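Numbering-wise (the numbering used here), the sequence shown opens with residue 32 and increments by one.
Glycine residues also receive a C-beta, built at the ideal position from the N, C-alpha and C atoms.
Fair warning: this is a prediction, and the values are worked out from it, not measured in the lab.
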Amino acid sequence: MTAMGFELITERLKLRPFALDDVDALHRQWTEPGVRRFLWDDEIIARETVEEVVRSSRDSFAAKGYGLWVLEYKDESGVIGFCGFRDSDAVDEREGSIELLYGLSERWWGQGLAAEAAQAVVRYGFERCGFKRILAITDAPNTASVRVMEKAGMRFVKRDLHHNLDSIFYILTVEG
Ligand SMILES: CC(C)(COP(=O)(O)OP(=O)(O)OC[C@H]1O[C@@H](n2cnc3c(N)ncnc32)[C@H](O)[C@@H]1OP(=O)(O)O)[C@@H](O)C(=O)NCCC(=O)NCCS
């Protein structure tokens with residue numbers, strides 16, 4: 032399937048799979064102080080790291096039909112954020128092995144856009160990919176991210192260490 036076949040539309044947003052042309056925009060966004068704080072443990076990542084993530088997402092869409100999408104407003108081009116799935120390194124039968132990820136450039140925070148995108152990709156994951164469970168993990172102080180999980184219909188599983196950080200785990204199963 033071409034990248035076009037994976038596009039999703041929500042009330043305000045257009046979601047399309049990561050492409051190499053998005054690397055610079057994603058790099059700018061992922062190095063913003065408020066974004067990198069939780070997404071990259073405050074590290075200023077290299078452009079090459081972003082390129083690796085984009086390539087890995089592209090390979091994942093080709094092989095498995097899921098990966099990471101850029102978020103754009105429906106009627107405008109320009110990357111405002113991202114959302115999607117990766118195979119989690121917190122694999123556990125009870126928790127599931129597919130992890131939901133999301134983030135927005137700081138100027139777009141507070142409008143419910145991450146939750147809108149998360150709801151669309153969660154639906155895609157269950158309906159089109161046949162996922163049984165979707166996991167989300169966030170640093171415990173990331174209250175806004177926890178709210179996005181709740182607004183996506185997820186439920187709290189546990190608070191535990193993940194990559195040595197105090198983290199909150201949420202899950203959604205296909206049964207709800
Ligand atoms: C987490 C993030 C995606 C939220 O995006 P968003 O589109 O602003 O989310 P929403 O507008 O749906 O708001 C989420 C909720 O968090 C609340 N919130 C926002 N900032 C908050 C804060 N600092 N403390 C407490 N609650 C906060 C909002 O009030 C909202 O709740 P409400 O809908 O009940 O009013 C965004 O903050 C972000 O990109 N952060 C950096 C990347 C990141 O942390 N990604 C998640 C990694 S797991």
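Proximity to residue i [Cα-Cα], best of the options
i, options, result
"LEU192", "ILE202, GLU181, ASP170, MET185", "ASP170"
"GLU158", "GLU83, GLU206, PHE187", "GLU206"
"ILE160", "GLY115, GLU83, ASP73, ASP52", "A small correction: the amino acid at residue 160 is Cys; Ile does not occupy that position in the sequence shown. Looking at the Cα atoms, GLY115 is the closest of the given residues."
"ARG138", "THR204, VAL152, LEU39, GLN60", "GLN60"
"ALA121", "GLU63, GLU42, ASN195", "ASN195"
"SER41", "VAL85, LEU57, ALA146, ALA50", "Strictly speaking, residue 41 in this sequence is Thr, with Ser absent from that position. Nearest option by C-alpha distance: ALA146."
Supposed contact pair residue j and residue i - C-beta distance, whole angstroms, cut 8 Å
i, j, result
"ASP118", "ILE129", "7 Å"
"LYS105", "LYS45", "5 Å"
"TYR31", "VAL179", "The chain is shown only over 32 to 207; residue 31 falls outside these bounds and no answer can be derived."
"PHE92", "PRO48", "5 Å"
"LEU131", "ILE76", "Incorrect: roughly 20 Å between the Cβ atoms, too far for contact."
Residue i beta carbon near ligand 1 (any heavy atom closer than 6 Å)
i, result
"GLU178", "The question names Glu, but residue 178 is Arg in the sequence shown. True, at least one ligand heavy atom lies under 6 Å from that Cβ."
"LEU21", "Outside the displayed span of the chain (32 to 207) sits residue 21, for which this structure offers no information."
"ALA175", "yes"
"THR169", "yes"
"PHE49", "no"
"LEU70", "yes"
"TRP61", "no"
Can you list the beta strand (DSSP E) stretches of 3 or more residues lying completely in the segment 63–130, in chain order? 99–104, 112–123
Curious, which full-length beta strand (DSSP E) runs of at least 3 residues does the segment 135–184 contain? 164–170
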